[in-house]
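Asks: The structure's right below; bear with me while I get my questions together.
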Amino acid sequence: METLRNQGNAGIVLQVIDAIHEQASYLSEIDGATGDGDHGINMNKGFMMAKERIEPSDSFAEALKILGRTLVMDIGGSMGPIYGTMFSKLSRVLKKAEPITKEAFLEALENAVQGLMDLAGAKVGDKTLVDTIYPACQAYQAAMKQDAEFSQCLREMAKGAEAGKESTKDLVAKIGRAARLGERSRGHLDAGATSCWIILTTMANAMLAQLQSRE
Amino acid sequence: METLRNQGNAGIVLQVIDAIHEQASYLSEIDGATGDGDHGINMNKGFMMAKERIEPSDSFAEALKILGRTLVMDIGGSMGPIYGTMFSKLSRVLKKAEPITKEAFLEALENAVQGLMDLAGAKVGDKTLVDTIYPACQAYQAAMKQDAEFSQCLREMAKGAEAGKESTKDLVAKIGRAARLGERSRGHLDAGATSCWIILTTMANAMLAQLQSRE
Amino acid sequence: MQRIINNCDEVVEDMLKGFERCHHDLIRVDENNPRVVISKEATKKRKVGIVTGGGSGHKPAFIGYCGKNMVDAVAVGEIFSSPTAKSFYDAFCAVDQGMGVACLYGNYAGDNMNVKMAMELAEDDDIVVKTVVANDDVASADKADRTKRRGVAGEIFMWKVGGAKAAMGASLDEVIAAAQKAIDHTRSVGVGLSPCTIPANGKPNFTIEEGTMEFGIGHHGEPGIKVEKLGTAKEMAKEMTRLVIEDKPFKAGSEVAVLVSGLGATPVMEQYIFFEEVAKLLEEQGICIYKSYVGNYFTSLEMNGVTLTIMELDEELKECVDMEVETMGMTQLARR
Amino acid sequence: MQRIINNCDEVVEDMLKGFERCHHDLIRVDENNPRVVISKEATKKRKVGIVTGGGSGHKPAFIGYCGKNMVDAVAVGEIFSSPTAKSFYDAFCAVDQGMGVACLYGNYAGDNMNVKMAMELAEDDDIVVKTVVANDDVASADKADRTKRRGVAGEIFMWKVGGAKAAMGASLDEVIAAAQKAIDHTRSVGVGLSPCTIPANGKPNFTIEEGTMEFGIGHHGEPGIKVEKLGTAKEMAKEMTRLVIEDKPFKAGSEVAVLVSGLGATPVMEQYIFFEEVAKLLEEQGICIYKSYVGNYFTSLEMNGVTLTIMELDEELKECVDMEVETMGMTQLARR
Ligand SMILES: Nc1ncnc2c1ncn2[C@@H]1O[C@H](COP(=O)(O)OP(=O)(O)O)[C@@H](O)[C@H]1O
Ligand SMILES: Nc1ncnc2c1ncn2[C@@H]1O[C@H](COP(=O)(O)OP(=O)(O)O)[C@@H](O)[C@H]1O
Ligand SMILES: [Mg+2]
Ligand SMILES: [Mg+2]
Ligand SMILES: [Mg+2]
Ligand SMILES: [Mg+2]
């Protein structure tokens with residue numbers, strides 16, 4: 001059975017932060033096509049602020065909590081509470097898990113998706129980050145149903161995120177600044193969906209590298 | 001000796017009004033090159049308002065007074081008081097003259113130029129209507145000095161007005177909206193100088209037609 | 001971009017410094033949170049605290065309504081972006097005196113989320129916070145979907161009424177009821193004639209073609225109902241007034257407060273021209289104007305355009321509207 | 001031209017109708033002259049009458065300062081064009097109560113002429129009119145030629161002081177002396193970032209290139225001292241503050257009132273950013289800000305830009321500045 005150590009695995013979150021930092025200008029560029037071109041700046045600001053507060057020795061859950069709390073408390077806008085809630089919910093379920101099993105992570109993921117959607121009021125098809133995280137969670141669930149290993153579930157989650165992100169290209173924005181464009185928003189990726197894909201794939205890969213097999 | 005009947009000669013003023021009315025769009029066009037393009041509109045408004053108040057049977061002096069008062073009281077801006085003063089001053093000197101002699105008209109003209117310049121604070125060379133009326137008055141004076149007849153004085157006045165008006169083309173505006181352009185105002189006629197030329201030549205011609213010769 | 005700024009990423013910080021310095025007799029900035037503006041009157045007497053908040057760029061909204069008998073504390077966001085949950089929370093803490101806090105804000109996704117999170121934090125501290133969410137913009141959703149409508153300049157009436165009520169010593173439930181009544185009695189609509197530019201972006205997010213106007217535009221450039229030929233003030237007033245009147249509906253014989261606001265770059269002269277047309281239409285319909293406000297009350301940076309807000313009055317609302325108030329955006333002597 | 005108007009030749013008429021309707025509790029329009037706005041307080045008690053006037057398009061100036069303890073009557077001109085002599089005269093007549101009239105206006109050729117003619121008319125009626133002519137704009141002529149300088153936003157301080165003095169029951173000579181002192185103690189300068197369009201013209205009379213600003217521009221677009229690269233708020237503030245301080249000069253230890261006004265399309269946010277820079281510079285020089293005003297106090301239609309006005313205070317001026325005032329453009333409760 002594959003599991004993930006909670007203790008000392010803050011590095012997973014730090015990798016997510018670094019990925020957002022590296023892709024910041026790409027995210028702003030995407031946002032520029034249909035929004036106000038600041039998504040990378042907004043994300044980078046909050047994620048870098050959290051980076052300073054996270055110790056590499058922190059647990060995975062602790063690091064998620066710090067990131068979530070930083071986003072909620074210090075970022076504002078819509079991204080602060082949305083991503084903040086996502087990371088906080090992940091943390092809340094995972095904090096008692098040691099090691100983290102694929103079941104625990106599914107529960108955490110479902111909680112995060114639910115919390116995020118309740119808060120944001122966005123549905124699948126609105127052309128937001130929900131279009132990435134929702135199918136990602138479903139892909140993980142589907143893999144679990146087929147008794148796939150933790151690693152396989154994570155790979156499926158990343159694939160689901162990618163497909164979901166790509167799906168936003170053909171959607172018309174119903175929420176946020178891009179809604180301004182109506183039909184003209186079609187043909188462009190959604191910035192939030194893209195950052196969410198970066199977060200989920202980076203997290204999946206970082207977790208994969210830390211998975212431990214035991215009988 | 002040539003003289004002009006004061007009684008019943010409101011027609012001279014009415015002809016001046018009609019000339020301004022006819023040239024209104026030309027005046028606005030000139031103002032458009034260096035100012036805000038409304039000189040014809042401004043002038044026409046005041047002059048037409050006066051037209052309604054003047055009876056053809058009024059005396060020349062009476063008609064001048066009505067025009068002057070209308071401009072002063074009802075037009076505002078700079079043109080109202082400036083042209084208003086000019087016509088009022090002409091009227092004030094002429095009102096006791098019957099018939100009007102070339103001497104009386106000179107006195108009236110000198111009074112008008114003085115009053116206007118005192119009020120406006122504009123000097124020759126500032127690229128305003130002063131550049132028309134001042135040389136016009138000087139030309140009249142010069143003709144008088146040479147013992148010219150009234151008709152000759154008036155013709156000289158018109159010539160002086162024309163030369164003065166033309167002189168504004170080469171001047172740089174120092175006053176009014178055109179001052180905004182500085183050097184770029186050079187090469188354009190001044191709108192006020194042009195309306196003043198129209199007024200003075202029309203008045204001269206209308207007076208010429210009414211001059212009476214007696215011994 | 002022709003702007004008088006130092007650094008496009010710090011316009012809000014820089015503005016707040018100037019605002020605090022200019023209005024130090026009315027407000028202060030929270031010592032621990034530079035994004036919270038607090039009225040110097042907030043805790044002079046024991047009363048319900050009034051809090052609001054929102055993105056920057058709408059001046060006088062939101063901080064301009066912080067002061068005597070109106071808003072007690074304001075959470076300040078980035079340009080066109082919701083304040084943090086922490087700022088809302090700190091605003092709650094700053095003004096709670098045990099009688100509770102009325103958080104009166106506009107219906108935007110970000111604000112809803114941040115207020116919600118802030119309320120959870122406040123709950124842990126036993127601070128009772130209740131909310132009224134302004135949704136006066138009739139163009140932002142169908143009447144059947146009223147809860148989806150965003151809040152615009154009608155928020156000013158909500159703050160005026162809530163602030164007055166609190167100043168009168170009312171309980172939290174009474175303040176909430178009055179503010180809710182104010183916004184329920186209020187309808188707004190806006191028209192945009194030209195876009196605006198978020199300093200950090202450097203160029204407008206959208207365009208409005210010369211000779212056209214966007215009917216029903218939102219305060220951040222949210223899409224309107226339609227783009228039309230730019231008509232006369234009379235035509236604009238007619239369509240806007242009709243939409244607003246029919247939605248409520250405002251009926252003959254009722255008394256109303258009217259607020260006309262420019263969106264930033266609209267000369268105040270034009271706002272009075274527009275107001276006159278609105279007033280004539282209301283008169284024709286037998287609707288009586290009790291009090292009117294014309295000016296730049298709720299703007300969107302340098303957007304060109306105008307908004308119309310109408311609130312139906314009863315005796316309670318009139319008393320609140322008439323109350324003396326002293327803020328940067330609205331100062332009124334007690335009605336004689 | 002994106003405008004909310006009915007007819008470009010009747011914007012002033014239309015605006016006045018809306019203004020009167022909105023502010024009927026503060027002002028009325030003269031029954032016999034639709035171009036004269038009269039404060040409802042003007043003749044409530046016997047005092048010196050305060051009159052001003054000027055072209056339209058500068059709202060709140062001039063009619064926006066008509067009301068309690070400020071201006072009693074205003075002569076209203078066309079856009080950027082002086083009112084008629086008759087309007088000034090009618091304004092004198094409306095507010096004279098035998099104690100005389102203080103006509104406090106700005107130094108423009110047209111206004112000088114029309115006021116002069118109006119005073120001649122008033123003389124025939126034995127109405128005593130004395131004038132103060134504002135000349136606070138340091139950019140409009142050299143200091144040696146101070147009488148040639150035009151009046152700009154400093155006029156607001158002149159009206160505030162003159163109006164307060166009259167309300168205190170001062171004689172005409174006392175009012176004139178105080179208003180003259182106010183303007184003598186005041187200096188202003190403006191910067192333009194974009195032009196404006198007179199509605200009847202349909203296009204701007206001048207241009208300001210993107211990335212540049214016109215330093216020292218006048219309220220009607222009169223040429224400034226120079227066109228420069230558009231700098232930061234800090235740089236702008238530095239140059240403007242220096243010019244103003246050195247001209248007076250304002251000295252360390254003095255107390256001043258500061259007024260920052262947008263020219264119409266400048267977001268109020270930017271005005272506060274600019275104000276903060278000015279205030280820091282004054283602080284550095286040991287000049288103490290007693291009171292400050294930031295907002296659209298004296299505009300030029302939708303021109304983009306900002307003006308800075310500083311007045312040195314003594315006890316008399318402070319008392320006048322602090323007095324309660326109620327007008328559309330400035331309302332202040334009595335200082336606590
Ligand atoms: N209510 C919402 N629910 C979910 N996602 C949203 C919502 N509003 C906006 N978004 C997401 O936010 C992204 C834009 O974020 P960002 O650019 O940081 O904020 P802003 O739009 O304020 O500039 C969009 O691409 C979209 O995915
Ligand atoms: N102070 C002044 N003295 C004399 N003439 C002046 C003065 N100011 C302006 N003018 C004249 O006024 C003319 C413009 O008049 P007009 O277009 O009617 O007014 P405005 O400039 O207000 O639009 C100029 O061409 C100039 O001749
Ligand atoms: Mg964005
Ligand atoms: Mg943004
Ligand atoms: Mg002109
Ligand atoms: Mg003009």
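If you read the protein sequences in the order shown, they are chains A, B, C and D.
Going by this note's numbering, the first sequence opens with residue 1, and the numbers climb by one from there.
Going by this note's numbering, the second sequence opens with residue 1, and the numbers climb by one from there.
Going by this note's numbering, the third sequence opens with residue 1, and the numbers climb by one from there.
Going by this note's numbering, the fourth sequence opens with residue 1, and the numbers climb by one from there.
Using N, Cα and C, we set each Cβ at its ideal position, and we do this for glycine too.
Please read all numbers here as calculations on a predicted model, not as lab measurements.
Along the chain, where does the alpha helix (DSSP H) that runs through ILE30 (chain B) open and close?
Replies: Start and end: 24-34.
Asks: Could you work out which residues of chain C lie near ALA191 (chain A), taking near to mean beta carbons separated by less than 7 angstroms?
Replies: In chain order: nothing, as chain C lies at least about 13 angstroms away.
Asks: Report all residues for which the CB-ligand distance to some heavy atom of ligand 4 is below 5 angstroms; order them along the chain.
Replies: The answer, residue by residue, is A:ASP36, A:ASP38.
Asks: Are GLY106 (chain C) and ARG150 (chain C) touching if we call contact CB-CB under 8 angstroms?
Replies: Yes, the pair counts as a contact, with Cβ atoms nearer than the cut-off.
Asks: Is the beta carbon of ALA161 (chain A) sitting closer than 8 angstroms to the one on THR132 (chain A)?
Replies: Closer than 8 angstroms, so yes.
Asks: Could you list which residues in chain C have their beta carbon closer than 8 angstroms to that of ILE133 (chain A), in chain order?
Replies: None at all; the shortest Cβ gap to chain C is about 16 angstroms.
Asks: Have a look at GLU20 (chain C) and VAL278 (chain D) and give me their C-alpha separation to the nearest angstrom.
Replies: If I take the Cα positions, the gap works out to 14 angstroms.
Asks: Rounded to whole angstroms, what is the Cα-Cα separation between GLN216 (chain A) and SER171 (chain C)?
Replies: Outside the displayed span of chain A (1 to 215) sits residue 216 (chain A), for which this structure offers no information.
Asks: Helix, strand or coil for ILE127 (chain D), going by three-state DSSP, please let me know.
Replies: DSSP places ILE127 (chain D) in coil when its eight states are reduced to three.
Asks: Using a cut-off of 8 angstroms between C-beta atoms, extract the partners of ALA50 (chain B) located in chain D.
Replies: By Cβ distance, chain D contributes nothing, its closest Cβ being about 14 angstroms from ALA50 (chain B), past 8 angstroms.
Asks: When the Cα atoms are used, what is the spatial distance from GLU123 (chain D) to GLY100 (chain D)?
Replies: Each residue's Cα considered, the two are about 11 angstroms apart.
Asks: Taking the alpha helix (DSSP H) that ALA289 (chain B) falls in, what are its first and last residues?
Replies: Since the displayed chain B opens at 1 and closes at 215, residue 289 (chain B) lies outside it and no answer follows.
Asks: Flag MET79 (chain B) as yes when its Cβ comes closer than 7 angstroms to any non-hydrogen atom of ligand 2, and as no otherwise.
Replies: At least one heavy atom of ligand 2 is nearer than 7 angstroms to the Cβ of MET79 (chain B), so yes.
Asks: Identify the residues that DSSP records as bridge partners of TYR105 (chain D): which are they?
Replies: Beta-bridge pairing links TYR105 (chain D) to D:VAL133.
Asks: Within the chosen definition, does the region 68-83 of chain D reach the region 67-79 of chain B through at least 3 CB pairs nearer than 8 angstroms?
Replies: Counting Cβ pairs under 8 angstroms, three or more are found: they touch.
Asks: Skipping 5 residues on each side, what residues in its chain have a beta carbon closer than 8 angstroms to that of ASN111 (chain B)?
Replies: Excluding sequence neighbours, ASN111 (chain B) sits near LYS89, LEU90, ARG92, VAL93.
Asks: Locate the alpha helix (DSSP H) running through PHE157 (chain C), then write down its first and last residues.
Replies: Start and end: 154-167.
Asks: Going by the DSSP bridge assignment, what does LYS68 (chain D) pair with across the sheet?
Replies: Beta-bridge pairing links LYS68 (chain D) to D:GLU326.
Asks: Which chain D residues sit within Cβ distance under 8 angstroms of ILE82 (chain B)?
Replies: By Cβ distance, chain D contributes MET113.
Asks: Could you give the DSSP three-state label for VAL130 (chain A): helix, strand or coil?
Replies: VAL130 (chain A) falls in the helix class under three-state DSSP.
Asks: Kindly list the residues whose CB is nearer than 6 angstroms to the CB of PHE215 (chain C), restricted to its own chain and excluding five residues on each side of it in sequence; keep chain order.
Replies: VAL191, GLY224, ILE225, LYS226, GLU228.
Asks: Which two residues bound the contiguous alpha helix (DSSP H) that contains PHE62 (chain C)?
Replies: Careful: PHE62 (chain C) lies outside any alpha helix (DSSP H) and carries neither H nor E.
Asks: From the DSSP output, read off the bridge partner residues of VAL217 (chain B).
Replies: The structure shown does not extend to residue 217 (chain B), since chain B spans only 1 to 215, so no value can be given for it.
Asks: Spatial neighbours of GLY40 (chain A) within its chain, please: C-beta separation below 6 angstroms, excluding the five flanking residues on both sides.
Replies: So the list reads ALA24, SER25, LEU27, SER28, once near-sequence residues are dropped.
Asks: Are the region 261-277 of chain C and the region 311-325 of chain C in contact at 8 angstroms, needing three or more beta carbon pairs?
Replies: Contact fails: fewer than three Cβ-Cβ distances are below 8 angstroms.
Asks: Residues of chain D with a CB under 8 angstroms from the CB of ALA63 (chain B): which are they?
Replies: Within chain D, no residue comes near ALA63 (chain B); the closest Cβ sits about 20 angstroms away, beyond 8 angstroms.
Asks: 8 angstroms is my cut-off, CB to CB: does LEU119 (chain A) come that close to chain C?
Replies: Chain C, which has a Cβ nearer than 8 angstroms to the Cβ of LEU119 (chain A), makes this yes.
Asks: So SER81 (chain C) contacts chain A; which residues on that side make the cut at Cβ distance below 7 angstroms?
Replies: Going along chain A in sequence order, the residues near SER81 (chain C) (Cβ under 7 angstroms) are GLY76, GLY77.
Asks: Just the Cα atoms here: how many angstroms apart are ARG5 (chain B) and GLY67 (chain D)?
Replies: In a straight line, the C-alpha of ARG5 (chain B) is about 53 angstroms away from that of GLY67 (chain D).
Asks: Step through the CB atoms of chain C and report whether any lies within less than 8 angstroms of the CB of LYS234 (chain D).
Replies: True, the Cβ-Cβ gap to chain C drops below 8 angstroms.
Asks: Confirm the yes/no value for this check: CB of SER25 (chain B), any heavy atom of ligand 6, distance under 7 angstroms.
Replies: Outside the cutoff, so no.
Asks: Which residues in the same chain have their Cβ closer than 7 angstroms to the Cβ of ASP30 (chain D), if we skip the five residues on either side of it in sequence?
Replies: Excluding residues within five positions, the ones whose Cβ falls inside 7 angstroms are VAL36, ILE38, ASP90, ALA94.
Asks: Beta strand (DSSP E) containing TYR297 (chain D): first to last residue?
Replies: Segment: none, TYR297 (chain D) is in no beta strand (DSSP E) and carries neither H nor E.
Asks: Under three-state DSSP, which class holds GLN332 (chain D)?
Replies: DSSP places GLN332 (chain D) in strand when its eight states are reduced to three.
Asks: Residues of the region 166-196 of chain B in Cβ contact with chain D at a cutoff of 9 angstroms, in chain order, please.
Replies: So the close ones are ILE175, GLY176, ARG177, ALA179, ARG180, LEU181, GLY182.
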